[in-house]
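Inspection log for the structure reproduced underneath, given as structure tokens.
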Amino acid sequence: MAAVLTGRHDLQKFVMVHGPGGTGKGTILRLITKLIGDNNVVASTLRKTQQSPYETANFYTKRLVIFSDAEDYAGDVSVLKAMTGGDLLPYERKYKDAEQPFLFQGTVMIASNHPIKSSDKSSALSRRMISIVFNQVVSEKEKTENQNFEDELISELPGLFNKLVQISPDEVTRAIRKLAPSILETKLDAEMEANSILAWAHEWLVRCEDGQSETRIGSAPLSGTYATTSYLYGSYLIFCDSQGRKPVGLVNFSEYVIDNCISRGVNTEKIKTKAGMILEGLRLRTKEDKCDYLFI
Numbered sequence: 028m029a030a031v032l033t034g035r036h037d038l039q040k041f042v043m044v045h046g047p048g049g050t051g052k053g054t055i056l057r058l059i060t061k062l063i064g065d066n067n068v069v070a071s072t073l074r075k076t077q078q079s080p081y082e083t084a085n086f087y088t089k090r091l092v093i094f095s096d097a098e099d100y101a102g103d104v105s106v107l108k109a110m111t112g113g114d115l116l117p118y119e120r121k122y123k124d125a126e127q128p129f130l131f132q133g134t135v136m137i138a139s140n141h142p143i144k145s146s147d148k149s150s151a152l153s154r155r156m157i158s159i160v161f162n163q164v165v166s167e168k169e170k171t172e173n174q175n176f177e178d179e180l181i182s183e184l185p186g187l188f189n190k191l192v193q194i195s196p197d198e199v200t201r202a203i204r205k206l207a208p209s210i211l212e213t214k215l216d217a218e219m220e221a222n223s224i225l226a227w228a229h230e231w232l233v234r235c236e237d238g239q240s241e242t243r244i245g246s247a248p249l250s251g252t253y254a255t256t257s258y259l260y261g262s263y264l265i266f267c268d269s270q271g272r273k274p275v276g277l278v279n280f281s282e283y284v285i286d287n288c289i290s291r292g293v294n295t296e297k298i299k300t301k302a303g304m305i306l307e308g309l310r311l312r313t314k315e316d317k318c319d320y321l322f323i
């Protein structure tokens, strides 16, 4: 909240609030809106942001943008990446000349029943996402017994505001850069739900030990039916087929695997050997492997 309140866009993070309905996601967003001020907050959708050339103009000077359609959208997220990556956004309004592009200096929050999905399988979004799970459904009995609960929280906002503005920028930076283990675990789960490459690599790949050979990348079979677990790409196709996910093509497969691995401290590169192309230091997991998952 301190980062949102003080406009710490330099941290290049966005907040993903997700969980079942009735768990309080709407409540926390309303409270944050009250804290920041209605005039400093704008609601939008990822679809509108990508499809309308005029939508980003609404974000100019805002401290907080809330997206609420994540579970219904699985397309391009280049504007979201620009907003959270320090890139310039277009400033265009209907029937008016376009003005100079601007740098979004606020924070993005996404509210959804499920983690965000997109066509981008790189680590760009994963690096920037802070995942907060709401998983305790408030019963009707609890709602009846605490009808004034939200109003009571609103009455505490002035005191919260005073505490937040007293937090130093360095303390905010440390808290965001070094997340608690429980938050990191939740973050990884959310990322894997959205990213088939990451989920497959985490479960199916292990690091090679002394004397062990890497698994070849392999080629693209006619379909997942003809895929084989003897090769990296074939095992990835089988993984996607078993979970009803849409796989990425072979052309981009290695690039995405390398990107997701390196961003999480697992160094590898694509190397050509006499046997074929490999990802250095990585092989497929076998039944005999008792080692941890790749990104733990």
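Going from the sequence shown to the numbering used here is simple: count from 1 and add 27. Heads up, the beta-carbon is just placed ideally off N, CA and C, and yes, glycines get one too. Only a predicted model underlies this, so the values are computations on that prediction, with no experimental measurement involved.
Contact check for residue 257 and residue 154: beta-carbon distance about 32 Å, past the 8 Å limit, so the pair fails to qualify. Beta bridge pairing from DSSP links residue 43 with 137 and 158. By the Cβ test, the region 293 to 308 is not in contact with the region 163 to 182, since fewer than three Cβ pairs between them sit closer than 8 Å.
By the Cβ neighbour-count rule, residue 31 is buried, with 16 or more other Cβ atoms within 10 Å of its own. Per the coordinates, the alpha-carbon of residue 133 lies some 12 Å from the alpha-carbon of residue 107. Residue 305 has 243 and 298 as its beta-bridge partners, per DSSP. A direct Cα-to-Cα measurement between residue 94 and residue 205 gives close to 25 Å. The alpha-carbon separation between residue 224 and residue 187 amounts to approximately 41 Å.
The residues 277, in chain order, have a CB closer than 6 Å to that of residue 247 in the same chain once the five nearest residues on each side in sequence are set aside.
Residue pairing by DSSP puts residue 93 in a beta bridge opposite 70 and 136. Sequence-distant Cβ neighbours of residue 85 in its own chain, meaning closer than 6 Å and more than five residues away, are 69. In this structure, the beta-carbon distance from residue 228 to residue 322 falls below 9 Å.
According to DSSP, residue pairing for residue 126 in a beta bridge involves 118.
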